[in-house]
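All residue numbers for the sequence shown refer to the working numbering, where the first residue is 11 and numbers rise by one.
Note that CB positions come from ideal geometry on N, CA and C, so glycine has one too.
Keep in mind the model is a prediction, meaning the values are calculated, not measured.
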Amino acid sequence: MNLLARYAECIFWMARYMERAENLARILDVHETFARDTRGMTNWFSIVQLNADEKDFFSRHDRPTAEAVVHYYMFDTQNTNSLVSMLRMARENARVLRPWISTEMWTQINVFHNKLVEMNGKGVALPNLSKVCTWIKEECQTHTGITEGTFYRDQGWYFYQLGKYIERADQTTRLLDIKYHTLLPSPVAVGSTLDMSQWTTVLRSAAGYHAFRRVYPRGMSPTTVAGFMMFNEGFPRSVVMCVRQIDGLLTRLKSRYTLRNGSDAMEKVDELLGALLARPIEEVIQLGLHEYLDGVQAQLCGITTEIGRAFFGQDTVPMTQSQSQ
11 MNLLARYAEC IFWMARYMER AENLARILDV HETFARDTRG MTNWFSIVQL NADEKDFFSR
71 HDRPTAEAVV HYYMFDTQNT NSLVSMLRMA RENARVLRPW ISTEMWTQIN VFHNKLVEMN
131 GKGVALPNLS KVCTWIKEEC QTHTGITEGT FYRDQGWYFY QLGKYIERAD QTTRLLDIKY
191 HTLLPSPVAV GSTLDMSQWT TVLRSAAGYH AFRRVYPRGM SPTTVAGFMM FNEGFPRSVV
251 MCVRQIDGLL TRLKSRYTLR NGSDAMEKVD ELLGALLARP IEEVIQLGLH EYLDGVQAQL
311 CGITTEIGRA FFGQDTVPMT QSQSQ
């Protein structure tokens with residue numbers, strides 16, 4: 011039982027690390043594109059704030075320059091939120107999972123990690139950052155495709171999917187939160203060209219720009235973007251869509267394998283889904299988007315804790331942006 015619980019936990023966190031790595035590569039890539047103006051430093055610092063890394067970052071860097079932020083999130087092994095750290099942790103979980111995952115899954119993660127480590131000695135010049143981030147995104151997507159095509163559909167598959175969707179929902183809330191409280195400090199700029207470019211940045215960071223334009227072919231507003239990313243059930247990275255997936259996965263996991271535990275986690279998912287469906291985005295913004303998103307993040311942490319208690323054989327402390335498993 012303990013061995014199976016250990017496998018389930020490793021699968022869950024491997025999925026979270028890989029999902030987080032892809033999200034971070036998207037954010038770095040998009041910010042490199044939109045930081046080519048007089049607000050460049052502010053934009054790069056927003057990545058530090060997005061990950062709640064201010065204290066740790068400034069313990070080693072004086073200013074959030076582009077070079078400092080890129081190195082911190084690409085190759086800094088002391089930063090548990092760096093890409094090289096995420097890939098290392100995903101690889102270590104995959105190593106434990108060798109009896110459960112396909113040879114193709116292990117090989118791809120192992121080669122991916124090793125190539126990223128090799129880049130550290132050469133560094134990544136800013137003009138090449140977009141190319142490197144594109145490679146990282148493609149490797150993460152390759153992992154997703156290999157997993158989809160080779161991972162046996164047993165309990166492990168459900169835990170992989172749970173980890174992926176919990177991480178995805180959390181990242182979406184963080185992207186929205188940082189836009190409202192960091193990128194646009196002046197109410198005067200609301201609706202300006204700068205404001206719209208920043209909302210475009212947020213959508214592109216979540217791979218949602220083209221999907222958004224299919225729903226809203228003309229115009230863009232903070233309300234429509236926030237509502238799309240929170241509540242649109244056709245968008246794969248919306249919070250509601252992810253939580254619905256979590257709900258269905260837990261239900262099928264318990265029913266298909268007659269597991270006795272997990273009821274508390276399911277109750278917390280129901281509570282979160284009810285809260286998400288209770289108010290339209292206009293009311294959420296009026297009452298306070300930051301507080302609302304904080305509440306969603308806390309509920310996602312609570313779901314992670316209950317999943318750990320139910321299936322991993324321990325009271326798992328949810329991993330925040332500045333913690334590691």
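* Asked: So does the segment 207-219 actually touch the segment 280-291, counting three or more Cβ pairs closer than 8 Å?
  -> Proximity of the segment 207-219 to the segment 280-291 falls short of the contact definition, fewer than three beta-carbon pairs being nearer than 8 Å.
* Asked: Just reading off the alpha helix (DSSP H) that residue 237 is part of, what are its end residues?
  -> Position 227 of the sequence shown, counting from 1, holds the residue named residue 237. Segment 232-241, the alpha helix (DSSP H) holding residue 237.
* Would you call the segment 157-173 and the segment 226-233 in contact, with 3 or more CB pairs under 8 Å? -> No, the segment 157-173 does not touch the segment 226-233.
* To do: Specify the secondary structure class of residue 256 as computed by DSSP and reduced to three states.
  => On the sequence shown, residue 256 is found 246 positions in, with the first residue counted as 1. Here residue 256 sits in helix by DSSP.
* Asked: Taking only runs of the alpha helix (DSSP H) that begin and end inside the segment 62-121, which ones reach a length of at least 4 residues, in chain order?
  -> Within the segment 62-121, the complete alpha helix (DSSP H) runs of at least 4 residues are 64-68, 76-84 and 93-106.
* Contact set for residue 136: own chain, Cβ-Cβ below 8 Å, skip 5 residues either direction -> Locating residue 136 in the sequence shown gives position 126, where the first residue counts as 1. Here residue 136 has 42, 76, 77 and 80 as same chain residues with Cβ atoms under 8 Å from its own Cβ, once five neighbours each way along the sequence are excluded.
* Taking 7 Å as the cut-off, decide whether the C-beta atoms of residue 259 and residue 171 are in contact. => In the sequence shown, counting from the first residue as 1, residue 259 sits at position 249. In the sequence shown, counting from the first residue as 1, residue 171 sits at position 161. With contacts defined as CB atoms closer than 7 Å, residue 259 and residue 171 qualify as a contacting pair.
* Output the distance between the C-alpha atoms of residue 284 and residue 277, rounded to the nearest integer angstrom. => Walking along the sequence shown from the start, residue 284 turns up at place 274. Walking along the sequence shown from the start, residue 277 turns up at place 267. Between residue 284 and residue 277, the alpha-carbon positions lie close to 10 Å from each other.
* Report the residue from 312, 100, 65 and 57 whose alpha carbon sits nearest the alpha carbon of residue 19. => What you label residue 19 is simply residue 9 of the sequence shown in a count that begins at 1. Checking every option, the nearest Cα to that of residue 19 belongs to 100.
* Could you tell me the distance, in whole angstroms, from the CA atom of residue 149 to the CA atom of residue 116? => Sequence index remark: in the sequence shown, residue 149 carries index 139 (1-based). Sequence index remark: in the sequence shown, residue 116 carries index 106 (1-based). Whole-angstrom Cα-Cα distance: 13 Å.
* Asked: Taking only beta-carbon atoms, is residue 271 less than 7 Å away from chain C?
  -> In the structure shown, chain C cannot be found, because there is only a single protein chain.
* Helix or strand or just coil, what does DSSP make of residue 124? -> On the sequence shown, residue 124 is found 114 positions in, with the first residue counted as 1. Secondary structure of residue 124 (DSSP, three-state): helix.
* CA-CA distance, residue 126 and residue 107? -> Taking the first residue of the sequence shown as position 1, residue 126 is located at position 116. Taking the first residue of the sequence shown as position 1, residue 107 is located at position 97. In a straight line, the C-alpha of residue 126 is about 21 Å away from that of residue 107.
* Hey, out of 103, 252, 95 and 58, whose CA is closest to residue 22's CA? -> Your numbering for residue 22 matches position 12 in the sequence shown. Nearest option by C-alpha distance: 103.
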